[in-house]
DNA sequence: CTGTTAGCGCCTTCAA
DNA sequence: TTGAAGGCGCTAACAG
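Protein chains in written order, with our numbering: chain L, 5 to 341; chain Z, 5 to 341.
Printed below as a string of structure tokens:
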């Protein structure tokens, strides 16, 4: 892996390294013909400026880093595409790392990315992240960083988030308006801020319509299909059967639906169901699942633009952008006449 | 973003930079007590060796790069998890980039990754990649690189692939054995090698059982749901209705199923369906979809191990690993008694 | 316009 | 055991 260096090009042409540098950086304090000659010969020799060396002597890399907890669910990939769409256009490269929902891995991710001198970071916190010191110190040093989706209120940084409270309120209110009363809430990872906000939305809707919530109406699950199955099966086994459920995510909702049907119950007649963070699956299941669309692509774009602003104007005032969704009502939650 | 440098640590302690360097690289040509002192004070000062500088003077980064065409479908994310599982264990960091199925972006990805001096590359080619020169020159220079899933036969490099021929053969044969004869093949991106191999598998099965294929039995589609819809609808509109279809991917199969049902036809009685590259969806659709499991995680692990071998032993002999799958037969393809 | 030189932060001989 | 010095490849003053 031997690279042609600036020196070799210089020697070959009997010019100085700085001339070569100037030529390749397209500057104008160099005669046009020499520039062209250098460019031509340099390329022939297969010369590419070594970005590492460039980084070391400059302070800018035109790389930015993105850290997400996982990307098996479509949510994060879609956000990342939004991020890329704005950065690629501006000739930034986007490096992605996956924390696997582990705090330790996340920390290492941050460090290698920062160590690689990315110009800024976009991150969605891992489920496990408890210690925020490293992020805080980065932020204090003025390092450009924006959070999305999973953030923490103690972090004094820009973030783009979804109004989980409001949309879970709407989802719950929708079920109530359909005439359901005994509505349960299946919540994924309750310690996450977004889950807490969704619970608040659920509670708010219930209290608005004066429906008293029993403590066991809020059920903790994870993020996956099987966990929806298990939660639902448990309710059925205990003969504690709701008229409706609002779920913190589509997979859990779909798992619950599967279990409801397996037990001979009907959707929505016996139990109405809503999901959250709409995935393409909602149209494929039977009946089609009511869910809340999150503007994933937009979330990525917005985060990217916030970061860009920080990088380019280094404006240090953190901004928070709250994105809106859409409640997509489908058969899984509509009371039949 | 001011970093503490080796110099500052040295000055503070009145030692030389090389001593600090030695301490932080845990070498033994330094007295134990001084090493410990340096480490202690250095950490207190918040000193981290700057990886960029390190890279420049050493030749190893303990970073590896992965380039995939997309990761909205679960396939690539799952492979990446396999890759990470082997590298994280060995303290390598994995940087991921997405080519968006674009050759240009892919090329830039390779260049920034290589420019960041990753120790090696794992790549799955974009749909558009036609020009292989850059890859070839990297390979010629002995740069460690392994391909998976989407590769090109002109590339003299290690690769881990799936036996598309064999498993599409099995899928097709399975339909034939169920008693279907007029079997069509919906193929995604026919110019991709893997699609060609699947077509070969389909043809081989048909010819083995002496079923003559009409030219219009092989239909080109893309990768997504809607393309499955469209292809199926077209067949129905033309009243060219197959008894069975083998699809190049699950999404297309599911789209086709949706359209079949919408048109009042039944699966598998009227049309039997098989998918490929099994996704979690297969269990969710009605009827459950027969598909071929690809060992995604294993594919990632295998690719990672091949790369590691190249990096550490720099053995230049390219290896090809062909992975096996499983045909998971479900209701979508079983003739009812 | 061109070339010389001093860094960027770190590692690695090589003397002392 | 220590430290001085050169080098990794490039850029950015600064003279000429």
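C-beta: ideal position from N, C-alpha, C; glycine also.
Computed from a predicted structure; not experimentally measured.
query: Residues of the segment 91-121 of chain Z with Cβ closer than 8 Å to any Cβ of chain L, in chain order; result: 92, 97, 98, 99, 100, 101, 102, 104, 109, 112, 113, 115, 116, 119, 120, 121
query: Per-residue contacts from residue 56 of chain Z into chain L (C-beta, under 8 Å); result: 56, 59, 60, 119, 120, 121
query: Between the CA atoms of residue 131 of chain L and residue 226 of chain L - distance to the nearest angstrom; result: 11 Å
query: Limits of the unbroken alpha helix (DSSP H) element including residue 176 of chain Z; result: 168-181
query: Min CB distance residue 67 of chain Z to chain L below 8 Å; result: yes
query: Own chain residues within Cβ distance below 7 Å of residue 4 of chain L, not counting five before or after; result: Because chain L spans 5 through 341 in this model, residue 4 of chain L falls outside it and cannot be assessed.
query: CB contact below 8 Å: residue 76 of chain L versus chain Z; result: yes
query: Short CB-CB distance (under 8 Å) between residue 282 of chain Z and chain L; result: no
query: Contact set for residue 209 of chain L: own chain, Cβ-Cβ below 7 Å, skip 5 residues either direction; result: 173, 176, 177, 180
query: Entirely enclosed alpha helix (DSSP H) segments - the segment 52-130 of chain L, minimum 4 residues; result: 55-61, 79-93, 107-119
query: Test: residue 290 of chain Z CB closer than 8 Å to a CB of chain L; result: yes
query: Where residue 273 of chain Z falls, given that 16 or more other Cβ within 10 Å makes a residue buried; result: exposed
query: Nearest-angstrom Cα separation, counted from residue 198 of chain Z out to residue 136 of chain Z; result: 17 Å
query: Paired residues, beta bridge with residue 286 of chain L - DSSP; result: Paired residue(s): none; residue 286 of chain L is not in a bridge.
query: DSSP three-state assignment for residue 189 of chain L, whether helix, strand or coil; result: strand
query: Rounded separation between residue 7 of chain Z and residue 156 of chain Z - CA only; result: 44 Å
query: Supposed close pair residue 76 of chain Z, residue 81 of chain L - CB separation, criterion 8 Å; result: 5 Å
query: Cβ-based contacts, 8 Å cut-off: residues of the segment 225-246 of chain L near chain Z; result: 229
query: Proximal chain L residues relative to residue 285 of chain Z, where beta-carbon distance stays under 8 Å; result: 285, 288
query: Within 8 Å, strictly: CB atoms of residue 190 of chain L and residue 252 of chain L; result: yes
query: Rounded separation between residue 312 of chain Z and residue 53 of chain L - CA only; result: 27 Å
query: Residue 58 of chain L to residue 329 of chain L span [Cα, whole Å]; result: 43 Å
query: Sufficient close CB pairs (3 or more, under 8 Å) joining the segment 227-240 of chain Z to the segment 157-172 of chain Z; result: no
query: Range of the contiguous alpha helix (DSSP H) that encloses residue 28 of chain Z; result: 21-28
query: Beta carbon proximity, residue 87 of chain Z to chain L, threshold 8 Å; result: no
query: Residue 184 of chain L (DSSP reduced to helix, strand or coil); result: coil
query: Cβ distance (whole Å) where residue 249 of chain L is taken to contact residue 275 of chain L below 8 Å; result: 6 Å
query: Reference residue 256 of chain Z, options Z:289, Z:268, Z:269, closest by Cα; result: Z:289
query: Straight-line Cα distance separating residue 35 of chain Z from residue 15 of chain Z; result: 18 Å
query: Close beta carbons around residue 96 of chain L, own chain, < 6 Å, minus the five adjacent residues each side; result: 66, 68
query: Interface flag, residue 322 of chain Z vs chain L, CB-CB below 8 Å; result: no
query: Amino acids of chain L, ordered along the chain, whose beta-carbon sits closer than 7 Å to that of residue 258 of chain Z; result: 288
query: Rounded straight-line distance, which links the Cα of residue 116 of chain L to that of residue 238 of chain L; result: 44 Å
query: Proximity test, Cβ basis, 8 Å: residue 81 of chain Z and chain L; result: yes
query: Contacts around residue 142 of chain Z, its chain only, beta-carbon distance under 8 Å, and the 5 residues preceding and following it disregarded; result: 114, 118, 125, 149
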